[in-house]
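A short worksheet on the structure shown next.
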Amino acid sequence: MHAFIQYIQSYLDSNQTPGAAGNVFWAFIYILLVFVGLSVAVIAMNWLERKILAHMQVRLGPMRVGPHGLLQPIADALKLLIKEDIMPAEADGFVFWVAPFIVVLAAFTVFVVVPFGPTHAITDMNIGILFMLGVSSLSVLGIVMAGWASNSHYPLIGALRSSAQMVSYEVAMGLAVVSAILMTSLNEQGTGTLSMIGIVQAQQTQGMWFIFKFFPLGLIAFFIFAVAMIAETNRAPFDLPEAESELTAGFHTEYSGFRWSLFFLAEYSAMIAVSSIAVTLWLGGWLRPFPNFLTGPTWDLVFSLFPGFTFLFLAGMCFYSTARMPKHPLFRIQTMGLAGFGAALALIGLVLFHPQVRLRIEDIYWFCAKVAAFMYLYIWYRGTFPRYRFDQLMKVGWKILLPMGLGVLILTATVGLWPLIKQTIWHP
Amino acid sequence: MAPVATPFFFYLLSGTMLIGGILVITRKNAVHSALALIVTLLAQAAIYLMLYAPFVAGVQIILYAGGIMVLFLFVIMLVSIERTMKERQFNKQWLVGIAAAGALGGLFMAVYTKGKGIFPEHALPTAEAQNTQAVGSLLYGQYMFAFEIASLLLLVAIIGAVVMAKKRI
Amino acid sequence: MTDPNTLSPLDLETPEKPFLDANELVINMGPQHPATHGVLRVILRLDGEKVLGLECVIGYLHRGVEKIAENRTYTMFNPYVDRMDYVAAVSNGLGYCEAVEKLLSVEAPPRAQYIRVILTELNRIASHQLWLGTHALDIGAITPLFYTFRDREEILKIFEKYCGARLTTHAFRIGGLQYEAYDGFEKDVKNFLLFFAPKIDEYEELLTTNRIWLERTKKVGIISGKDCIALGVTGPVLRASGVKWDIRKAQPYANYKNFDFEIPTGQNGDTYDRYLVRMAEMRQSLRIIQQAVDGIPEGPIIAKVPKVIKPPVGEIYHSIEAPKGELGYFIVSDGSTQPYRVRVRPPSFVNLQALDVMCRGQLVADVIAVIGTLDIVLGEVDR
Amino acid sequence: MDAMLHISTLHYLVLGAALFLLGVIGVLTRRNVVIVLMSIELILNAVNLNLVALSRYWQGVYGPNALHGQVFAIFVITDAAAEAAVGLGILIAFFRNKETINVDEVNLLKW
Amino acid sequence: MFLSHIWLIPLLPALGATLMFFFGRRLQKSSVSAVCVGVVVLAFLMACGAVWQYTAWSSTAEHLHQPYQTILYTWLGTDTGHLTYATHDGTPASLQADAGFLLDPLSSIWLLFVTGVGMLIHVYSIGYMGHEGGYYRFFGYLNLFMFSMLTLVLANNYALMFVGWEGVGLCSYLLIGFYFHRKSASDAANKAFIVNRIGDAGFLLGMFFIAWYFGSLRFVDVTAAARSGHFAIGDPIITAATLLLFVGACGKSAQLPLYVWLPDAMEGPTPVSALIHAATMVTAGVYMVARSNALFVLAPKSMMVVAVVGALTAIFAASIGLVQNDIKRVLAYSTVSQLGYMFLALGVGAFAAGVFHVFTHAFFKALLFLGAGSVIHAMSGEQDIRNMGDLAGKIPTTFRTMFVATLAIAGIPGLAGFFSKDEILWQAWKYNHYLWAIGFVTALMTAFYMFRLVYLTFYSKPRMSHEVEHHVHESPKSMTWPLVVLAFFSVTAGYLGVSPSLGGSNHFEKFLEPVFANGAETVEAPPAGEEGNRGIEYLLMVLSVAAAGAGWFMASRAYGNADKGFTEPIAAAAPPVYNTLLNKYYVDEGYDYVFTGRRKLGDVRLGTMGLGEASSWFDANIVDGAVNGAGWITRLTATLSSWWDKWIIDGIGVNGPAILARMLSYPARLFEWGLVQWYALVMTAGLVGFVFYYVYH
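Protein chains in written order, with our numbering: chain A, 1 to 428; chain U, 1001 to 1169; chain L, 2001 to 2383; chain Z, 3001 to 3111; chain G, 4001 to 4697.
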């Protein structure tokens, strides 16, 4: 028993990721945390998307289930779980059954290497980014299987379209990623890294987020990635595989109930995953703003108070809404619920002010805040843009992003190696 | 991180691979075969990890599982397979073929039994952190020419595949 | 493959054969499809994703309106016309009332004329708003739909206050109006003018310079002015192809010659130009309403019309510029209380003919854009 | 039993041989061209396994940077990609012409 | 340089035609005209250079008056004499035709005016065809025609000449049928082609006669042999050969029995009528006869036939031309008539006079046609002169140039036509007074119908519809300046050959002297006799001028004030004559009846069987019966033979060993099934074997 506690505590002092420390227990805990956190994030994302989109479109969105529709995603999830799971008669049973799991698996496995903080990752692989790209590309298999197994035309066309789209944009995406990885190798040793944590640390040592490195090269690479990741996750304006006005619902037309919700889950967690990649590669990952510039204990304290204040702010919003709730007996439960929710948020915020907690949680906060900004962008795009046509989509991928990516890669290499090149030219 | 429970994972993965391989060559439906092959390839990627070759494992996942097998699935969906599934699955020489393969297997067995002592039982663990860099410097250093040739081969393959598969150019 | 836009509509019968390829795919779009705006069935012939030709199958909403007219008196038939183009019911009523008035040689008094113009132009704006929202939705932009519906509500409120109905208004009577404008009508209209002018800019901000919107609409569904005329296409579609033809100017009716407005035209005849033309038309409608509401005279609202309407034996064709194009009524009277024959020339029906010409050589996704840009209402197509 | 629990290079080689045999059987006996191509992928993977395993072995002998086997495995994967692309292109052309994907229905190379 | 590369002249237009054939569809109109006109201009410049060099070359002592000949290669037969045959006297000769080019004064003249007039007409066509479809096709054909015509002119032997001869026929066919969607045009094209076939058959036979009789096809050899004095005058074989050649000339140059295609050929575009059917191609017959003058001189009977046919054609066509209403048809009949003149000159032995007339005629007839084209252009496609009138002020350039051409063709003194025509009439008088009389009447008619044309078109009252009248406009520059250039030559070309009686020295005849060295001298009386006839010659000259004036006067009386309802004086005087002339003596109908066996003419049932149907019956029943009978016998023997072959020879001799070999080869075939997997299996087995060997060796 004591040995077990020792085993558990050994990790807390090791200052490593549980995977690197070889601590199975903590790895398991982290996996659970990531899984639960991700599911909560997807549910929250569902609610947020509906609300934000609605407010962009001068309407209110869900308002009935729970105060301000806060319980709507839970109600939806419940509905999806108890809905009949229909399988087409001519479908290929096994493949039809296994496809959503593959997609979800691919989307969740990616988070094995996502660094929420220097120690807050399930593990750190030295091929981390390669692993992420590889595993996320496996979701294509699931989509193709789903479309094929449905044995119907719309899903098949949708699956072919989306896999073609994903495979095409993976190329541009990979080039953009490589140019960022190239930047990690610009140190004295000339050794770069593929490790996600290593990449963020490289940004820290180089004193600059890679989005600003070799301005505007880093920015262009980031832009390419930002466009490709939207296409990669089949979101507006690249949501052709699910274009309602053309193909009803794309590859998951024949799916219903729980299995459909798995696709839903996979789509949103894939969005979070690619956003995490973007944040890690270009936006400094878990680093707070100006980690090398605004240093000193005061600034550390100020920045470490951010998470708590954020939760308190949210709680304040809840209380404000509570005050604005209609004073009517019918709304009593809702009003109480909202107040309770606000109280819970406030409690969390207060807990986050505790020095032990805030120091361990700060990096997670900054990472999630950056990812949340991306999530907001996703919703914003959806509210703003019309949909591309398929040939235009392919044109953007192959004729614009791919050459741009190549150019950025070559320029990054040239600029990065310029001292060496200069030396070679002038002192051959 | 030191390897954990190596024999267990080895036998698990090799079992997965062999079952996957058997499924590949026995399924009627080519899609099922392809799925079995994907399982085999992923298990093999894991075995690469066990062999301290993480970069090859990553390449295996991206290229094989994510690229080549998607291509296979595409092609299977393009060519209709309903008719093929109702037909005989093995050709007329299957017995001879299995016999020849068996002879080959016997030969392998004989060779490995004979040369058992050549290989050491334990290999030294090396730091995996440098694997990618080491492979990279070999690829772009010693094997530069071969690397260029391989890229040329890929180019030729692209052109060839387009010419073959395109209806009208 | 020759450019399908160079084909004259007269060689529509000779389909283009793709070179050395027999893989022609025939697929059905509709009658139940999110993007066909009602129950339109389109049979597409495709080469891959390229449209080789298409055929429209209509009639799913046929109610025999023209036949009903033969068994109703002139007055009784008036509400039926509202059900044809139900998003522009006021315009339909205006056309019918004016046609019968012409047959009776009666003219509506000036005050009635002015109110008619105000309501008709409001309805034009409402129709264009509905078109804009659904068209953008088809192309994938969800947001404009809600903006246009929000603003259309204001127009419908004015209709409701005036005649009690929002959609099928039955606003006009033969010889003028039944209801005097309610108290505050002019104020409501003026308020709407002030409210709506910046809203058009809001719509344009969302779409006009949006890159994806441009890519999806420019050079899509091009039709030349010549082909438009050959096919009988009218309205904004014709004007966007550069033909300056508006019945309000060409054959002024209902006092339109007293108002100062312009006919917006496009040059390229593509979907984007049609979008611009309709946006400009909304602005022109605002101008007309402004002038009308400023100059609205006092006086009676209905001319002297007999209780039982028995037009003299004869026939009449009268057309107006409805939001979707030329809306014409051909009425044959045998001297009895019921028309001998009523024939409607609905703009949507005629404009739908251009779908084939506009879609040839485009991709499937463009067919949806083109159906949207034609602004058809199946109630009017099928009648 | 001890030999079973200590995973040596030979274990990998035997696994590679078994995979290789499965691939050979697939190539020799299946009629479906797609499955034959997949069997070829199996064979290539068996070879890769051997290469990587032996690379690991030579690493123990010559030091950590003796990764030639892994490099060759990467080359083999490249070749496999090229082979799959061309092979499947041929397959599509073949299917378009003969409406079949059975390999024993192609015997145009007969005397 | 130019002389040695003379083969480039025809090749340039051929290059243009090839370009048009392959790339024309894709080229812009401007580049089409640049290429096609450019090559012809180049050809013209090269032709000028070649002729200039030739005159210098032939005036040197060692080449005095010799034709320049260059042979590229032999295209028919071989130099080694593999294709030999026996000539009439049994000596062996090799059938051989070169791709060789011959330049002597005669071909120089043709070369110059073919390229020159051709160039002008190409330029004209740019404007005329500017708005037509098939622009590149038209210019491609024109270039192909230039190539064929230049081949014809520059050929050094009958066979190559025949190639050009057929080439121009083909181009004529293609260009008449240029508007092939019009049935009348394609019918006219067919007619031209078929009628020409008759003449071509004659040419071919004549050529074979020559080959058999002289053992060579080269002009130089044939001429030398004919002039050697070895053959008697009136030699029957030479007479036959020349008559056959003349049949060919009749076909190509539209002489009496075979002229019917030329008026119909006016269905083609006007520049084609001007170039092919007025100036160049139709004079190919004249060229051929002139080229063979040495033979014709040996056959006086043929000469007489030529003269009589020419004279009859002249008056016949002129009389039809009197009443025709289509502006181009009038000119077409005028062409036929003038060609008759030329043959008359050849027939009476005045080769040089005939060639001279060809030369002058090329200018003013091309001018007339181009002017007519300009008029049609101005009239929006109207061709009927009854619907024209009073155009003189509206299209002044066209009018002035056409008027000059009319004066020239009518024989008004001072212009080109007067000199050449007068020369012919004078030579005809010396040969036979009757022929002169025919020529004289023809001259009268010529003046009449030409001025009729001018008055109806340019003077009198306007008779066209209003919108046409509104539309009348002068043609573009590219059309008018060729007219001006041609008008200039129509005036001046005659001064090259002013006869001695008018104080000239007849450079033209002098230039041609080496070609016509033999025969011409015999007919062309020595200067001594000339003095006495001067008086008569002046008298005739005055007479013919008077005839021209009379024709002009009558035409101005009859048509000077023609308004919408005007009557033809001939119709008023004698309706049957008028109808006969208007229907062209019913020749076409007669041909139809006799040769094609058409039983009906309009509504009239003709009843009897035509010649064509009779020969068809003969062919179908008698000839084919014989053929079928022979075939049946052949088949019977073949069946027997094949049975023998199949069962005895093949069965025992051939298949037997094959079956044996097949049985024996079966084990070897086991390794070559064509199945990939079998090969793989064998490979695996081999692998096993090898490894086993190496491991356990």
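In this text, a Cβ means the ideal position worked out from N, Cα and C, and glycines have one as well. From a predicted model like this one, the values you see are computed outputs, not experimental measurements.
- At a CB-CB cut-off below 8 Å, which residues of chain U make contact with Leu4339/G? Those do not exist, as Leu4339/G stays about 56 Å from chain U at its closest Cβ, beyond 8 Å.
- Query: Where does the unbroken alpha helix (DSSP H) through Thr1006/U begin, and where does it stop?
  - Reply: Where Thr1006/U is concerned, the enclosing alpha helix (DSSP H) stretches over 1006 to 1026.
- Item | CA-to-CA distance, Glu2321/L to Arg2111/L, given in whole angstroms | The alpha-carbon atoms of Arg2111/L and Glu2321/L are separated by roughly 20 Å.
- Task: Tell me, please, whether the CB atom of Val4676/G is closer than 8 Å to any CB atom in chain U?
- Result: No - not a single Cβ of chain U is within 8 Å of the one on Val4676/G.
- What first and last residue would you give for the beta strand (DSSP E) that runs through Pro4092/G? From DSSP, the beta strand (DSSP E) with Pro4092/G extends over 4092 to 4094.
- Query: Taking 8 Å as the CB-CB limit, is Leu4660/G close to chain Z?
  - Reply: Residue contact with chain Z for Leu4660/G: absent (no Cβ-Cβ distance below 8 Å to any residue of chain Z).
- Message: So with CB distances below 7 Å, who are the chain G contacts of Leu1107/U?
- Response: In chain order: Val4688, Val4691, Phe4692.
- Message: At the level of alpha carbons, what is the spacing between Pro155/A and Leu301/A?
- Response: For Pro155/A and Leu301/A, the distance between alpha carbons rounds to 53 Å.
- Inter-residue Cα distance where the pair is Ala4225/G and Phe4214/G: For Ala4225/G and Phe4214/G, the distance between alpha carbons rounds to 7 Å.
- C-alpha gap between Leu4152/G and Thr4060/G, whole angstroms: Each residue's alpha carbon lies about 27 Å from the other.
- Run down chain A in chain order and give the residues with a C-beta less than 7 Å from the C-beta of Gln1133/U. Ordered by position in chain A, the residues that pass the 7 Å Cβ test against Gln1133/U are Thr191.
- Task: Report all residues from its chain with a CB closer than 7 Å to the CB of Val144/A; omit the five preceding and five following residues, and keep chain order.
- Result: Closer than 7 Å at the Cβ level, and outside the excluded window around Val144/A, lie Ala159, Ser163.
- Message: Residues in the same chain with beta-carbon distance under 8 Å from Asp2273/L, minus the five sequence neighbours each way, listed in chain order, please.
- Response: Same-chain partners within the cutoff: Ala2240, Ser2241, Gly2266, Gln2267.
- Task: Name the one or two DSSP bridge partners that Glu2321/L has.
- Result: DSSP, once it has assigned bridges, lists Glu2326/L as partnering Glu2321/L.
- State yes or no: is the beta carbon of Leu3091/Z nearer than 8 Å to at least one beta carbon in chain G? No, Leu3091/Z does not count as interfacial toward chain G.
- Item | Beta carbon proximity, Ala4680/G to chain Z, threshold 8 Å | With a threshold of 8 Å between beta carbons, Ala4680/G makes contact with chain Z.
- Task: Output, in sequence order along the chain, the residues in the segment 2190 to 2210 of chain L whose CB is closer than 9 Å to any CB in chain A.
- Result: Taking 9 Å as the Cβ-Cβ cut-off against chain A, the residues of the segment 2190 to 2210 of chain L that qualify are Leu2206, Leu2207, Asn2210.
- Message: Any beta carbon of chain G sitting closer than 8 Å to that of Asp3104/Z?
- Response: Output row for Asp3104/Z: interface = yes.
- List the residues of chain G whose Cβ lies closer than 7 Å to the Cβ of Gln1093/U, in chain order. Simply Gln4677, Trp4678, Leu4681.
- Message: Quick check: is the beta carbon of Gly1066/U nearer than 8 Å to any beta carbon in chain G?
- Response: Gly1066/U does not count as touching chain G.
- Message: Quick check on Leu3088/Z - is its C-beta less than 8 Å from some C-beta in chain G?
- Response: The beta carbon of Leu3088/Z sits no closer than 8 Å to any beta carbon of chain G.
- Task: Report yes if the CB atom of Met4450/G is closer than 8 Å to the CB atom of Ile4409/G, and no otherwise.
- Result: Contact flag set, yes.
- Tell me whether Gly2133/L is buried or exposed, calling it buried when 16 or more other Cβ atoms sit within 10 Å of its Cβ. It is buried - the Cβ of Gly2133/L has at least 16 other Cβ atoms within 10 Å.
- Mind listing which residues of the segment 380 to 402 of chain A have their C-beta closer than 8 Å to chain L's C-betas, in chain order? Within the segment 380 to 402 of chain A, the residues whose Cβ lies closer than 8 Å to some Cβ of chain L are Arg382, Gly383, Thr384, Phe385, Pro386, Arg387, Tyr388, Arg389, Phe390, Asp391, Gln392, listed in chain order.
- Are Met4149/G and Gly4164/G close, meaning C-beta to C-beta below 8 Å? Yes.
- Message: For the segment 4239 to 4262 of chain G, list every residue whose C-beta sits within 7 Å of some C-beta in chain Z, in sequence order.
- Response: Here the close residues number zero.
- Item | Nearest to Val4123/G (by Cα), restricted to the options Ser4273/G, Ala4086/G, Val4041/G | Residue Val4041/G holds the alpha-carbon nearest to the alpha-carbon of Val4123/G among Ser4273/G, Ala4086/G, Val4041/G.
- Task: Assuming Val4627/G and Leu4106/G form a contact by the criterion Cβ under 8 Å, report the distance between their Cβ atoms to the nearest whole angstrom.
- Result: Between Val4627/G and Leu4106/G, the beta carbon gap of about 46 Å keeps them out of contact (Cβ cut-off 8 Å).
- Message: Let's test the definition: count the other Cβ atoms within 10 Å of the Cβ of Lys2339/L and tell me whether it reaches 16, buried, or not, exposed.
- Response: The sequence as given places Pro at residue 2339/L; Lys does not occur at that position. Classified as buried, Pro2339/L has 16 or more neighbouring CB atoms from the shown chains inside 10 Å of its CB.
- Name the DSSP beta bridge partners of Asp2227/L, please? Assignment of beta-bridge partners to Asp2227/L by DSSP yields no partner.
- Message: My output table needs one value for Val2100/L: the three-state DSSP class, helix, strand or coil.
- Response: Val2100/L: helix per DSSP, three-state reduction.
- Query: Quick one: is Ala1030/U near chain G, going by C-beta distance under 8 Å?
  - Reply: At a cut-off of 8 Å, the C-beta of Ala1030/U has no neighbouring C-beta in chain G.
- Task: Please look up how many angstroms separate the CB atoms of Ser4184/G and Glu4062/G, rounded, as I've assumed it's under 8 Å.
- Result: Not a contact, Cβ separation roughly 57 Å.
- Who are the neighbours of Phe2146/L on chain C, taking C-beta pairs under 8 Å? In the displayed structure, chain C is absent; the protein chains listed are A, U, L, Z and G.
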